[in-house]
Amino acid sequence: MANHDILDNKNHKDVKVITHFDDEFSEKINSALIFPNEIKAAQRDYPILFIKNPETGQFQSVVLLGLVAGENQYINNGWQASYIPAMINKGPFIIGFEEKEENGEKVKLPIVAIDMDNPRVNKKSGEPIFLEDGQASPYLVQVNQSLKTLHDGSQLNQEMFAAFLKNDLIEPVALNIELNNGEKISLQGNYTLNEEKLSLLSGDALTELHSSGLLRVAYFITASLDNIQRLVDLKNKQ
């Protein structure tokens, strides 16, 4: 159970966060949520797929990190990719909302909170959150950027999937893989974009997707599937 404190430079002036990835501190997940404003950077390293939120039925985009549940093949004495998804890079921090009164009206203002029960959080080793003068450390600046990416990206998600669904571009995809040792792996419940339908878009549909910037995002997503072979190669080397 998380134990979130609203972050401030008095109560957390001595708190540090371990940021490296190894056997002890690794993200034991084989996928991570990703948002539209990350896709350009992420598609160079990861396969990008869609899944449905089991509670809402809404589509979400994810990067595939491994072929087996609980296995992250991008961790090997550090994170072996040029881009780390913001959902991972934010560490033990989240954006929360605090209700305040402004000009006689109640408004919700974003605040940063830290999970004090996260095993990366301590007072002995790692990156400091605040400098001695109380200013944000370079690490916290980086975290704040990741949190902003998540906040902005979550608002873009609805627009992206609405456009893809409007043009009937989303289709289920089954990933059936056979490793060099004969082991067969089947990944179900994933979706991607239909490349043929994407290439046949024309008229207003094409113009709208292009003007919104989502046409380029769509092609990044389809191109990212080539990275599945990278995961297969890493798995074969284990």
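Take the sequence shown: its letters are residues 2 to 239, numbered as in my numbering. Ideal placement from N, C-alpha and C gives every residue a C-beta, glycine not left out. None of the values given here were measured: they were computed from a predicted structure.
Item to complete: Decide if the segment 148-155 is in contact with the segment 167-177; the criterion is three or more beta carbon pairs, one per stretch, under 8 Å apart.
Response: no
Worksheet item: Can you give the Cα-Cα distance for LYS29 and ILE89, rounded to whole angstroms?
Response: 11 Å
Worksheet item: Buried or exposed: GLN44, going by 16 or more other Cβ atoms within 10 Å of its Cβ?
Response: buried
Worksheet item: Can you check whether the CB of LEU226 is closer than 8 Å to the CB of PRO48?
Response: yes
Worksheet item: Do you know offhand how far VAL16's Cα is from ASN77's?
Response: 27 Å
Discussion item. I'd like to know whether the C-beta atoms of ILE96 and VAL69 end up nearer to each other than 8 Å.
Written reply: no
Worksheet entry | Buried versus exposed call for PRO55 [16 or more other C-beta atoms within 10 Å across all chains shown] | exposed
Item to complete: Could you round the C-beta distance between GLY135 and ASN10 to whole angstroms and report it? I think they count as a contact, below 8 Å.
Response: 4 Å
Worksheet entry | Own chain residues within Cβ distance below 6 Å of GLU99, not counting five before or after | LEU110 and ILE112
Worksheet item: Under the three-state reduction of DSSP, which class applies to GLU179: helix, strand or coil?
Response: strand
Item to complete: Below 8 Å CB to CB, which residues in the same chain sit around ALA164 once its five sequence neighbours on both sides are set aside?
Response: GLU209, LEU210, SER213 and LEU215
Worksheet entry | Residues bridged to ASP6 (per DSSP) | ILE115
Worksheet item: What do you reckon, are the CB atoms on ILE66 and THR193 nearer than 8 Å?
Response: According to the sequence provided, residue 66 is Leu. The question's Ile does not apply to it. No, they are not a contact pair.
Practice prompt. Label LYS91 either buried or exposed according to how many other C-beta atoms from any shown protein chain fall within 10 Å of its C-beta, with 16 as the threshold for buried.
Written response: buried
Worksheet item: Who does GLU128 pair with in a DSSP beta bridge?
Response: VAL18
Worksheet item: Between the beta-carbon of ALA82 and the beta-carbon of ASP23, is there less than 8 Å?
Response: no
Practice prompt. Return helix, strand or coil for LYS149, following the three-state DSSP convention.
Written response: helix
Item to complete: Helix, strand or coil for LEU170, going by three-state DSSP, please let me know.
Response: coil
Worksheet item: According to DSSP, is PHE94 helix, strand or coil?
Response: strand
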